[in-house]
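Counting in this note's numbering, the sequence shown runs from 638 upward without gaps.
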Amino acid sequence: MNPTQQQRDIFARMQSGEPIRLNDPEYPKVMEVVSRTLRLSVELNNSPDVDQTRRLLSALIGTEMHESTVVFVPFHTNFGRFI
């Protein structure tokens, strides 16, 4: 990793399209997000109502969804961030 990459967070590097290696010292952060995304995706896809689905999607992507947003399940994502 060059010095510029070391100064930037792994998520900033991912978002800019830089390759991320499994041996990156920050890679465990990515796996934490993946595990959280999997858990929230299961909850979201089993949600019984629109409001709960919206709340769970907001938690998944890290941005509050507008109250007019309706998401029909099943919903699939590979990471959850940067949507």
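Heads up, the beta-carbon is just placed ideally off N, CA and C, and yes, glycines get one too.
Could you compute how far the alpha carbon of residue i sits from the alpha carbon of residue j?
| i | j | result |
| --- | --- | --- |
| residue 703 | residue 689 | 13 Å |
| residue 659 | residue 648 | 14 Å |
| residue 665 | residue 691 | 28 Å |
| residue 700 | residue 681 | 15 Å |
| residue 715 | residue 651 | 13 Å |
| residue 726 | residue 653 | Residue 726 lies beyond the stretch modelled for the chain, which goes from 638 to 720, so this question has no answer here. |
| residue 670 | residue 718 | 8 Å |
Report, in whole angstroms, the separation of the C-beta atoms of residue i and residue j, which I expect to be a contact under 8 Å.
| i | j | result |
| --- | --- | --- |
| residue 697 | residue 677 | 5 Å |
| residue 708 | residue 694 | 6 Å |
Unbroken stretches of the alpha helix (DSSP H), 4 residues or longer, contained in the region 646-704: 647-652, 664-682 and 687-698
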